[in-house]
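Numbering (our numbering), first residue to last: 143 to 487. Beta carbons: idealized from backbone N, C-alpha and C, even for Gly. Report on the following structure.
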C-alpha cells in the first residue's frame, strides 16, 4: 500500500523535458551508481549534464489498456505463455527437452520447458508452441511436442471453470480431454464429465504469463469485423489535430511515429491486421506540416518481411505522397529482418 515513503517527485529540465530527476521521500534525489545500484542520497545541485548520476533520460510509453477490454478471454491473447499444473499430480506439465518428445506432468516448478506460448485462433481455440519452436500435437492418445507447423491435429480448445477462471481443461483434436496420469505421462483420453475438483486428472491450475500487447493481439483477439471498428475508432480519436496544436504551443517541433510494416498493404493488410492506419498517418502528416513548421519528422518502420531501402522509399513516396521526403537513416534493428528508416521533411 502506498504511503509517504512511496511518494516521489519528478523534476523536469526546462530545456529538455525528457531529462528528469527523481526526488525521494527523504528529500534527496535518486542516483545511479557505478556498481549498478540506485540510491536516494544525491543533493539538490545539478548541471543537468550527462555526467550527473541523478539525471535520467525518460522514454514515455503510452498505450490504451482499455482497448483490450472488449476482447473475449483477453488474458489469453496471442503470444501469451501458459504454465499448466496438474491438480492430481501437483506437478507442472513440461515438453521434455523443450520439444521433440512427449509431454510429461512431473515438474515441481515452472520455467522454459514448462511454458507454452499461445497461437490464438479464436477466443477458445489455440495452438501450443514450446520453447524449441515446435508445436504440441496428438498421435492417437499420445501428446507430444513434435510438429514443425500447426494444423488440425495441433489445434486445442481451452475450457475454463466458471467458478475459477484459472482452472482449465484442454480439449484435444480427438475430442477427448488431456489428463495427467500417475506415471507422469500426459494423454488425450479423458471424457467430458468433470467436477472441476482437485481429484480430476483433466483439470489444471494455470499460471498466465503475460505476453505482448500490441496491434496484432488486438486485431487477432477481436476478429476482423470488430477489430476494424475498434482500431478505426482508436485512430480517429486517440491522437487528433488538437494534440499537434498543443505540442506546438508548448514548444515541441518534432514528432516520431512508429509504423508497422503491414501499412504497405493498407487498406488490405495481411491478417489479422485491418485497414485504416494509412489514413491516420496521412492526417498526422497534414497536421504536422501546417501546425509545426519547420518540422523534423521521422518515420520508423519495423518489418518482418525482407525489403530494401529503395523499395521502402518508393513505398513512402507512393503511399503517403510526400515528395520532398529525404531518407536520413537506414539501419538494421536486429539480427533478423527488422529494419528502421528515418525520413526528414
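{"Item": "Below 8 Å on the Cβ atoms is my guess for residue 345 versus residue 223; work out the distance and round it to an integer in Å.", "Value": "About 20 Å separates the two Cβ atoms, so there is no contact after all."}
{"Item": "From this set, 216, 207, 272, 233, which residue's C-alpha is nearest residue 239's C-alpha?", "Value": "272"}
{"Item": "Quick one: grab the DSSP three-state call for residue 242.", "Value": "coil"}
{"Item": "Given residue 338, which residues of its chain have a CB within under 8 Å of its CB, disregarding the five upstream and five downstream residues?", "Value": "303, 305, 306, 309, 345"}
{"Item": "Return the residue from the list 269, 360, 284, 176 that minimises the CA-CA distance to residue 332.", "Value": "284"}
{"Item": "Near residue 248, what residues of its chain come up, given a Cβ to Cβ distance below 6 Å and the 5 sequence neighbours on each side ignored?", "Value": "233, 326"}
{"Item": "So residue 296 packs on residue 277, CB below 8 Å; how close in whole Å?", "Value": "5 Å"}
{"Item": "Per DSSP, which residues does residue 233 bridge with? Please list them.", "Value": "228"}
{"Item": "Which residue marks the beginning of the beta strand (DSSP E) containing residue 285, and which one marks its end?", "Value": "284-289"}
{"Item": "Just to confirm the assignment, what range does the beta strand (DSSP E) spanning residue 281 have?", "Value": "277-281"}
{"Item": "Specify, as a first and last residue, the run of the beta strand (DSSP E) that residue 402 falls within.", "Value": "396-402"}
{"Item": "Can you pull the DSSP bridge partners for residue 346?", "Value": "228, 310"}
{"Item": "Can you give me the Cβ contacts of residue 259 inside the same chain, cut-off strictly under 6 Å, excluding the 5 residues immediately before and after it?", "Value": "223, 271"}
{"Item": "Within a Cβ cutoff of 6 Å, which residues of the same chain sit near residue 241, ignoring the five residues on either side of it in sequence?", "Value": "272, 274, 276, 287"}
{"Item": "Under the three-state reduction of DSSP, which class applies to residue 328: helix, strand or coil?", "Value": "strand"}
{"Item": "As an exercise, report each continuous alpha helix (DSSP H) stretch of at least 4 residues that is fully enclosed by the segment 351-382, in chain order.", "Value": "357-364, 366-379"}
{"Item": "Between which two residues does the alpha helix (DSSP H) carrying residue 429 extend?", "Value": "419-433"}
{"Item": "In this structure, does DSSP put residue 97 in helix, strand or coil?", "Value": "Look at the range of the chain in this structure, 143 to 487, and you will see that residue 97 is not part of it."}
{"Item": "Classify residue 146 as helix, strand or coil using the three-state DSSP reduction.", "Value": "helix"}
{"Item": "Hey, is the segment 178-190 in contact with the segment 208-227, meaning 3+ C-beta pairs nearer than 8 Å?", "Value": "no"}
{"Item": "Compute the Euclidean distance between the alpha carbons of residue 150 and residue 371, then round it to the nearest angstrom.", "Value": "40 Å"}
{"Item": "Identify the residues that DSSP records as bridge partners of residue 162: which are they?", "Value": "154, 198"}
{"Item": "What would DSSP say about residue 259, mapped onto helix, strand or coil?", "Value": "strand"}
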